[in-house]
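In full-length UniProt numbering, the protein residues as written are 1 to 946.
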């Protein structure tokens, strides 16, 4: 026993000695290796302050600058003092190895599936001895611990490996601008040394946890913007968020309320949560974040008033609350936030006057109050805010003249006063504001001539004067404003020719002269303005041919020439405009056949979205091959011309998966409706009326999924965007246009096949189109009955079947939304149903025609009884039934006989079958018919099989 104990003690002592000797090797450092005096190592890929500022914030801020056109540059260095501290400590490199951390890096490498630039090529087990020196993006301290991983903008595709949680010394992680996907690993919560995390501009999803954001003790900066998180913003636990200065989670899918517990992040300087789905009110507790300098909550659905507690944020320099659903009028307290440099409150529901207290904001460079419900005149005190660089007040209900005091704003670069009810002439003193880059005064009631003093604005890039009452010619001096990129003069009362001096505007990208009284030809020199992307010349009195020189505009995306007096053929050179997205040539006098190659528009216009040549004098075959490419085209209008022949069958409908509007009415087309139209799964408006089409309605029309969208669920209706080219197309001069035009803007569903020679029955597949609102099949040769299944088209408002040879009875139930119903000039019979929507239809819904119909609405009684002549005379010599019996006895016998027959019929089977068998059999037959014929569909309704 003693020997065993002694051996055991000896073994333990030997084992302990061995551990002592091996300890330095376990630590990855030889016992004799000298210690360096530095704390952090530096590799050639180690981050620099400028690199950090660029990779963390540049994309987000550049987005804001491009969207809001900021000119104020944030002092981003103030948000990242820890970067400079860390960088100053980077001195030397140690090549010793921490094996466990090498394995973590290799695991991270294995989780990256695509590395297009080969950035991680040297991240391999063979090169693990020099990972601190040569592995791209890796930096270490003097113990060989990984303290930094910086791999931004490398298009890496993969996941973030959970083993990253084993990098206990990691203080800087920047993987922004890649294609990482999947959840944010919860293991990151073990990286207790993290100071900076930037994972923005990836595809990360899942939910965010409090540990990701708040509980890491040293975390100062985290940017998760531009990802795909679907999550609530977590509450802040008590005694956490002790170091966080920057929290940036913009352009993700955050939803729900903003946590009031964010007030626990006492050091927070930047809270950036814009462009999410956040709702609820702005927490009043945010007023306790006294170090806050940047608060961005714009582009959400936040409601309620802006809390006055924010007035406590005396250091706040940036306040973005625009594009929410905020309301209220009490904003006088904003005048006390004297550190404000940028204030955006636009696109909300703010009311009242612009508060005069804002005059105290002497440091303010940006004031954005556009698109609210603000009223009254433009305040004169704005002229005293001489630091202003951007002033946007458009989209309100401001009235009066533009105050001359604004002339004092010599630093102003952007002045937006559009979409108000301002009146008077355009002030001449605007010519003295030579710093202006953008001047938008459109959609007001300004009148008079365009003042020549504006010629002094040599830096002006955007001039918006559209939708006013301006008169006179287009000024020649505009040709000297060579910095112009966008010129909006449309929808005024301008006249004369387009001045040739405008040919000098070589930087011009958009030219809007539409809806005026301009005359003369379209200038050929437009073909030399190669920067042009949009030309709006619609609805003028321009004449002559379309210049072939326009084919030189390689960048042109929008070309609208409709509503003029243009003549001649469509020039083939337009095929060279390979960037075209919108081409509108309708409502002119164009003639001839279409140029060769127009059979497939998608070949030379691969980005085409909308195309209209309606209401001209074009002839020949309709160019509808369109079989070569998967097209983006959504709108095609060939109506009101003289096209002949049949519709091509050489069309692959699957290549037109985006087509939503097809208008070919009022031509002379012949032959059947081709089956490929039934393959247009996005189609919502179809008008083939007033042609000579024959045959039957295709049986595959049940595949038109665009007609199955319920009302209110139409995504991105054509023309929904303000100033969309579609909006201008759908308001042509001509009053004699198809009703379809009125419906397209609403994103509704419309089908018109009237005034052809279509035959056969109405296919039951039409009843699958449960989102249909307007169905017009009149003036054809359709026969058969009206299916009872039309009652399932709950959205149907117009149903016109007149002037056919339909027969049978009118279904007793039709959609409740139906407001227009017409079956006149058919062979319908039976009783006209009553009740519900039938009570709203007049006699013209049923007659002329339909001699077999009866009902009160058409004043045709359904039962005519023969009544003997009445009167008080009585011929005693005529035999009367009661001459041979008493009236009471007759009544008693009649009642007794009735109940006796009923009792026998209910108890004796042969009698029951004789009396009720026909009706029972008929009901059973109807039940079997419905059970076999009606079947549920994916839209929750039923259909009849074809």
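Note that the Cβ used here is the ideal one computed from N, Cα and C, for glycine as well.
Whole-number beta carbon distance between residue j and residue i, since they are thought to touch under 8 Å
i: residue 469; j: residue 439; result: Residue 469 to residue 439, Cβ: 18 Å. No contact.
i: residue 510; j: residue 533; result: 6 Å
i: residue 669; j: residue 632; result: In fact, because the Cβ distance is near 25 Å, the residues do not count as touching under 8 Å.
i: residue 123; j: residue 106; result: 7 Å
i: residue 560; j: residue 598; result: Wrong, their Cβ atoms sit about 18 Å apart, outside the cutoff.
i: residue 426; j: residue 451; result: 5 Å
i: residue 769; j: residue 801; result: Their Cβ separation, rounded to whole angstroms, is 15 Å, which puts residue 769 and residue 801 out of contact at 8 Å.
i: residue 204; j: residue 182; result: 7 Å
i: residue 443; j: residue 411; result: Contact flag wrong, Cβ pair sits at about 26 Å.
i: residue 689; j: residue 754; result: 4 Å
Member of the options whose CA lies at the smallest distance from the CA of residue i
i: residue 128; options: 117, 100 and 119; result: 100
i: residue 615; options: 682, 828, 586 and 414; result: 586
i: residue 327; options: 844, 342 and 280; result: 280
i: residue 1020; options: 311, 502 and 294; result: Here the chain comprises residues numbered 1 to 946, so residue 1020 is not present and cannot be evaluated.
i: residue 816; options: 828, 830 and 841; result: 841
i: residue 657; options: 667, 674 and 635; result: 635
i: residue 673; options: 380, 757, 308 and 601; result: 757
i: residue 119; options: 407, 103, 428 and 157; result: 157
i: residue 286; options: 263, 267, 293 and 268; result: 263
i: residue 818; options: 219, 465, 797 and 709; result: 797
i: residue 332; options: 260, 830, 356 and 490; result: 356
i: residue 494; options: 465, 479, 505 and 500; result: 465
i: residue 506; options: 449, 489, 307 and 525; result: 525
i: residue 180; options: 243, 246 and 111; result: 111
i: residue 143; options: 170, 773 and 655; result: 170
i: residue 296; options: 227, 344, 804 and 554; result: 344
i: residue 245; options: 255, 293, 256 and 277; result: 293
i: residue 353; options: 378, 336, 337 and 335; result: 378
i: residue 199; options: 249, 163 and 361; result: 249
i: residue 145; options: 172, 572 and 159; result: 172
i: residue 659; options: 676, 390 and 666; result: 676
i: residue 663; options: 619, 691, 195 and 671; result: 691
Beta-carbon contacts of residue i that lie in its chain and below 6 Å, excluding the five residues immediately before and after
i: residue 459; result: 437 and 483
i: residue 858; result: 843, 846 and 847
i: residue 305; result: 328
i: residue 706; result: 682, 683 and 684
i: residue 347; result: 322, 323 and 371
i: residue 784; result: 761
i: residue 771; result: 707, 708, 709, 710, 749 and 795
i: residue 499; result: 474 and 476
i: residue 501; result: 476 and 479
i: residue 552; result: 527
i: residue 573; result: 548 and 551
Cut-off 7 Å between Cβ atoms - residues of its own chain near residue i, not counting five sequence neighbours on either side
i: residue 508; result: 484, 485, 487, 529, 531 and 532
i: residue 454; result: 430 and 431
i: residue 309; result: 284 and 287
i: residue 63; result: With a pLDDT of 41 at residue 63, under the threshold of 50, the predicted position of this residue should be treated as unreliable, though the coordinate-derived value follows. Taken in chain order, the list of residues that qualify is empty.
i: residue 201; result: 59, 176, 177 and 226
i: residue 740; result: Low per-residue confidence applies at residue 740: pLDDT is 43, beneath 50, and the placement is therefore not dependable enough to give any value.
i: residue 867; result: In this prediction, residue 867 has a pLDDT of 46, which is less than 50 and means its spatial position is unreliable; nothing more can be read from the coordinates.
Own chain residues within Cβ distance below 8 Å of residue i, not counting five before or after
i: residue 564; result: 537, 538, 539, 540, 541, 542, 543, 587 and 588
i: residue 34; result: Because the pLDDT of residue 34 is 31, which lies under 50, any placement of that residue in the model is unreliable, and the number read from its coordinates should be weighed accordingly. Result list for residue 34: empty, nothing under 8 Å.
i: residue 504; result: 479, 480 and 482
i: residue 421; result: 397, 398, 399, 444 and 445
i: residue 210; result: 234, 235, 236, 237 and 240
Does the contact criterion of 3 or more C-beta pairs under 8 Å hold for the segment 177–192 versus the segment 123–141?
no
Inter-stretch contact (C-beta, 8 Å, three-pair minimum) for the segment 646–653 and the segment 590–598
no
May I ask you to verify whether the segment 786–795 touches the segment 690–701, counting CB pairs closer than 8 Å and requiring at least 3?
no
Sequence ranges, alpha helix (DSSP H) only - wholly within the segment 204–229, length at least 4
210–213
Could you tell me which uninterrupted beta strand (DSSP E) segments, each at least 3 residues in length, are contained entirely in the segment 751–789, listed from first to last along the chain?
759–761, 774–776 and 781–784
Can we say the segment 231–242 touches the segment 286–299, given the rule of at least three CB pairs closer than 8 Å?
no
Sufficient close CB pairs (3 or more, under 8 Å) joining the segment 567–582 to the segment 512–522:
no
Continuous beta strand (DSSP E) assignments of at least 3 residues falling wholly in the segment 493–530:
493–496, 510–512 and 517–521
Hey, which unbroken runs of the beta strand (DSSP E) at 3 residues or more fall wholly within the segment 376–440?
390–392, 397–400, 414–416, 421–425 and 438–440
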